Amino acid sequence: MLNKTVKQLSQGLAKGEFSSLELCQYYLNRIDTIDTKFNSFITVSHEQAIASAKEADKKIASGNANEWTGIPFAHKDIFCTEGVLTTCGSKMLNNFIPPYSATVVENFNAQGAVCLGKTNMDEFAMGSSNETSYYGKVINPWSESNPLVPGGSSGGSAAAVAARLTPIATATDTGGSIRQPASLCGLTGLKPTYGRVSRYGMIAFASSLDQGGPMARTAEDAAMMLNVMAGHDTKDSTSINQDVPDYTKDLNKSIDGLKIGLPKEFFNEHLSSELQSVLQEAMKQLEGLGATFKEISLPHSDLSVPAYYVIAPAECSANLSRFDGVRYGHRCENPSDLMDMYVRSRSEGFGDEVKRRILIGAYALSAGYYDAYYRKAQQVRRLIKNDFVSAFDDVDVILGPTSPTEAFGFDSKGDDPVKMYLEDIFTISTNLAGLPGMSLPAGLINNLPVGMQLIGNYFDESRMLNIAHQFQSVTDWHTLSPKNI
Amino acid sequence: MSVGPDDINKIAHLARLQIDSDKIEKISKDITNILSLVDELQKTDTSGIEPMAHPMDASQTLRRDDVTESDNRDKLQGIAPSTEDGLFLVPKVIE
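Line by line, the protein sequences are chains A and B. First residue of the first sequence: 5, per the working numbering; consecutive thereafter. First residue of the second sequence: 46, per the working numbering; consecutive thereafter.
Here you go:
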């Protein structure tokens, strides 16, 4: 049961090898007994999960099931789940039981999948190590004697899947928050094209960058998840009205003749020799499958992190102004007046990293600085996008590292936030450009997993999943599991 | 660009945040570091480049002005910190 993929679980349910109730109880029991080590869940929804599993078993018995009916999974605690606590990793929302569900949540409900609970995350998705969660840090299941970070912000989703506490989990990515934890936990994670997955009910961090996507062990499961998650939504005005293909359809296609671009700016001094050899080895495998490689240039890559740290905080300061202690969320005790209520509710509810980003954003948007920071960053953003657009004239997909290193220790970045920000140096540009990006397991460094990143053209997720599936059919990195689970 | 404690207090007020006095120094140092990272942007010539707000340059979608939501006031106010007679309660604003 432990290592079965969604695909295999689905077949098992259909053949009656086990019931959804047995399956869900198996995972709930694992969470109850093992997650004390990892802290990957904020909320475990025992009762709701058991009720939906029973419901799913009825559907299966009556022949009304689909491939998702009765499959257990988890949601990142950024997706609003009606009737189930949704914290976004913040004290600000430690009493927030949403009166509605996110579209992504509705989509999984409609398929009859069974939500086991809500996974831990960096507060409001701001972090690359899961250290900023109000609900405690998440431990990477690959840690041995020293506890290591799972990456962030979707570190709870990644740790839960890596520890086999759930077969898959939803996640979100604003600057690398699906791909970097996928890399550090040995998983397959995909950030779709901006606008592909509805953001309705997904608590906003930086609205022009945020995108939900799958966290899974295999490309096949990620494709099955994207089939559920993707689609136009009239409730999200930035969602794109374009047909959703069956993402599993092309998985088995040959990649013979595929042209892969290697950005010279990614294969530079930021890349360790260990990671370089992991990527070389992966490229050999892809070459064996018929792919060819070409050096390309993304000349404005260096400006991704600077542009991101204007745009993301600016949008965060605007989005997080809604937390005012009036309609929902934390309100301070005995406010003396309205200003005191705003200031104390927000100061008590938000943690240090969130405050820091709100301050940068408020500064960048304040009178006299808007043109120098925000407008400038948005112009640079277009230059970054244009680099990719020209690169895709010559190649089908781009390959590079996901994270600069394997999983690192807690507090190892010191107390300079800029060091942590550079963790996302290879992933941020795709968010700025709105392109799909994916991380898949490519090897081990010091017995810890690292991923390689594929960056696709707009709406080219099928091809990326195809490449990943073909790679996984000739490698076994994605089948490795941590020892201590 | 250096951001001192006074600047921090000013932007904190704009953002309706209170920064503890023992954290001001550290936060002004952090933000100064972040802004020097960001200042890399200034080295690039962006004259004539249209700022990019949406990756697909999509524009706001419109719909017919029909009523699509039913009245959910009680449900939505059920999670508010303080309400009375269908109103959100806040500290007295007008004397």
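In this text, a Cβ means the ideal position worked out from N, Cα and C, and glycines have one as well. Bear in mind the structure is a predicted one, so any value in this text is a computation, not a measurement.
(request) Enumerate, from N- to C-terminal direction, the unbroken beta strand (DSSP E) stretches of 3 or more residues contained entirely within the stretch 131-207 of chain A. (result) Qualifying beta strand (DSSP E) stretches, in chain order: 173-177 and 192-195.
(request) Tell me, please, whether the CB atom of glycine 205 of chain A is closer than 7 angstroms to any CB atom in chain B? (result) At a cut-off of 7 angstroms between beta carbons, glycine 205 of chain A makes no contact with chain B.
(message) I'd like to know if lysine 380 of chain A contacts chain B, where contact means its C-beta is closer than 7 angstroms to some C-beta of that chain.
(response) At least one chain B Cβ lies under 7 angstroms of lysine 380 of chain A.
(message) Contact between the stretch 55-65 of chain A and the stretch 65-79 of chain B is defined here as three or more beta-carbon pairs at a separation below 8 angstroms; is this criterion met?
(response) Between the stretch 55-65 of chain A and the stretch 65-79 of chain B, the count of C-beta pairs closer than 8 angstroms stays below three; the two stretches do not touch.
(message) Nearest by alpha-carbon distance to asparagine 256 of chain A: which of A:Ile471, A:Val393, A:Leu387 and A:Lys359 is it?
(response) With distances taken between Cα atoms, asparagine 256 of chain A lies closest to A:Ile471.
(message) Applying the 10 Å Cβ sphere with the 16-neighbour rule, what's the burial state of glutamine 382 of chain A?
(response) Buried.
(request) With 8 angstroms as the C-beta to C-beta threshold (strictly closer), list the residues of the stretch 73-97 of chain B near chain A in chain order. (result) Here the close residues are Asp75, Ile76, Asn78, Ile79, Leu80, Leu82, Val83, Asp84, Glu85, Leu86, Gln87, Thr89, Thr91, Ile94, Glu95, Pro96 and Met97.
(message) What ranges does the beta strand (DSSP E) occupy inside the stretch 19-75 of chain A, keeping only unbroken runs of at least 3 residues that lie completely in it?
(response) Counting whole runs of 3 or more residues, the stretch 19-75 of chain A contains the beta strand (DSSP E) stretches 45-48.
(request) Determine the closest residue to serine 14 of chain A out of A:Gly159, A:Ile54, A:Ala411 and A:Gln115, with distance taken between C-alpha atoms. (result) That would be A:Gln115, whose Cα lies nearest to the Cα of serine 14 of chain A.
(message) Rounded to the nearest angstrom, what separates glycine 251 of chain A and leucine 230 of chain A at their Cα positions?
(response) Reading off the sequence, residue 251 of chain A comes out as tyrosine, not glycine. Here the C-alpha atom of tyrosine 251 of chain A lies approximately 7 angstroms from the C-alpha atom of leucine 230 of chain A.
(message) Between the alpha carbons of threonine 406 of chain A and serine 187 of chain A, how many angstroms are there, rounded?
(response) If I take the Cα positions, the gap works out to 7 angstroms.
(request) Within its chain, find whatever has a CB closer than 8 angstroms to the CB of glycine 355 of chain A; leave out the 5 residues flanking it on each side and keep chain order. (result) The beta carbon of glycine 355 of chain A lies closer than 8 angstroms to those of Ser94, Lys95, Glu127, Thr136 and Tyr138 in the same chain, with the five residues before and after it left out.
(request) Give a single yes or no on whether lysine 63 of chain A has its beta carbon closer than 6 angstroms to a heavy atom of the ligand HEM. (result) The ligand HEM is absent from the structure shown, which contains no ligand whatsoever.
(message) Cβ closer than 8 angstroms: which chain A residues qualify as neighbours of isoleucine 53 of chain B?
(response) At a beta-carbon threshold of 8 angstroms, the residues of chain A lying near isoleucine 53 of chain B are Leu363, ordered along the chain.
(request) If I'm right that phenylalanine 42 of chain A touches valine 153 of chain A with Cβ under 8 angstroms, what's the distance once you round it to whole angstroms? (result) About 12 angstroms separates the beta carbons of phenylalanine 42 of chain A and valine 153 of chain A, which is beyond the 8 angstroms limit, so they are not a contact pair.
(request) Kindly indicate if chain B contains any beta-carbon less than 7 angstroms away from that of lysine 359 of chain A. (result) The Cβ of lysine 359 of chain A sits closer than 7 angstroms to at least one Cβ of chain B.
(request) Please name the residue or residues paired with alanine 316 of chain A in a DSSP beta bridge. (result) Looking at the DSSP output, alanine 316 of chain A shares a beta bridge with no other residue.
(message) What does the Cβ neighbour count give for serine 281 of chain A, buried or exposed, with the cut at 16 atoms within 10 Å?
(response) Per the 10 Å Cβ criterion, exposed.
(request) Quick one: grab the DSSP three-state call for leucine 484 of chain A. (result) Leucine 484 of chain A falls in the coil class under three-state DSSP.
(request) Give the straight-line distance between the Cα atoms of phenylalanine 430 of chain A and threonine 483 of chain A, rounded to the nearest whole angstrom. (result) Answer to the nearest angstrom: the Cα atoms are 25 angstroms apart.
(request) Specify the secondary structure class of leucine 17 of chain A as computed by DSSP and reduced to three states. (result) In this structure, DSSP gives leucine 17 of chain A a helical state, which the three-state scheme calls helix.
(request) Could you tell me whether the Cβ of isoleucine 139 of chain B comes closer than 7 angstroms to any Cβ of chain A? (result) Not one beta carbon of chain A lies nearer than 7 angstroms to the beta carbon of isoleucine 139 of chain B.
(request) Could you name the residues of the same chain whose beta carbon sits closer than 6 angstroms to that of lysine 389 of chain A, not counting the 5 residues immediately before and after it, in chain order? (result) Non-local C-beta neighbours of lysine 389 of chain A in its own chain, meaning closer than 6 angstroms and more than five positions away in sequence, comprise Ala437, ordered along the chain.
(request) Go ahead and pull the three-state DSSP assignment for serine 267 of chain A. (result) As written in the sequence, residue 267 of chain A is proline, which differs from the serine given in the question. Correct three-state label for proline 267 of chain A: strand.
(request) Could you tell me the distance, in whole angstroms, from the CA atom of glutamate 319 of chain A to the CA atom of threonine 90 of chain A? (result) Counting only the Cα atoms, threonine 90 of chain A lies some 21 angstroms from glutamate 319 of chain A.
(request) In the DSSP assignment, find the unbroken alpha helix (DSSP H) run with alanine 114 of chain A in it and report its ends. (result) DSSP places alanine 114 of chain A in the uninterrupted alpha helix (DSSP H) bounded by 107-115.
(request) Take the Cβ of glutamate 21 of chain A as the centre, count every other Cβ of all protein chains shown within 10 Å, and call the residue buried at 16 or more, exposed below. (result) By the 10 Å Cβ count, glutamate 21 of chain A comes out exposed.
(message) Looking at isoleucine 182 of chain A: is its Cβ nearer than 7 angstroms to the Cβ of valine 10 of chain A?
(response) Not closer than 7 angstroms, so no.
(request) Hey, could you find the ends of the beta strand (DSSP E) alanine 220 of chain A is sitting in? (result) Segment 215-220, the beta strand (DSSP E) holding alanine 220 of chain A.
(request) Can you give me the Cβ contacts of methionine 206 of chain A inside the same chain, cut-off strictly under 7 angstroms, excluding the 5 residues immediately before and after it? (result) Result list for methionine 206 of chain A: Ile82, Phe83, Ala106, Val108, Thr176, Asp214 and Gly216, in chain order.
(message) Going by the DSSP bridge assignment, what does glutamine 457 of chain A pair with across the sheet?
(response) Bridge partners of glutamine 457 of chain A: A:Gly404 and A:Ser443.
(message) Can you confirm whether threonine 106 of chain B, when its beta carbon is compared against all beta carbons of chain A, has any partner nearer than 7 angstroms?
(response) For threonine 106 of chain B, the answer is yes, since a Cβ of chain A falls inside 7 angstroms of its Cβ.
(request) Please confirm if glycine 131 of chain A has its CB atom under 7 angstroms from at least one CB of chain E. (result) Given the protein chain composition of this structure (A and B), no chain E is represented.
(request) Note down the Cα distance separating proline 185 of chain A from serine 158 of chain A, rounded to an integer number of angstroms. (result) Here the alpha carbon of proline 185 of chain A sits roughly 6 angstroms from the alpha carbon of serine 158 of chain A.
(request) Name the two residues that bound the continuous beta strand (DSSP E) containing glutamate 299 of chain A. (result) Segment 296-300, the beta strand (DSSP E) holding glutamate 299 of chain A.
(message) DSSP three-state label for threonine 409 of chain A, please.
(response) Correct three-state label for threonine 409 of chain A: coil.
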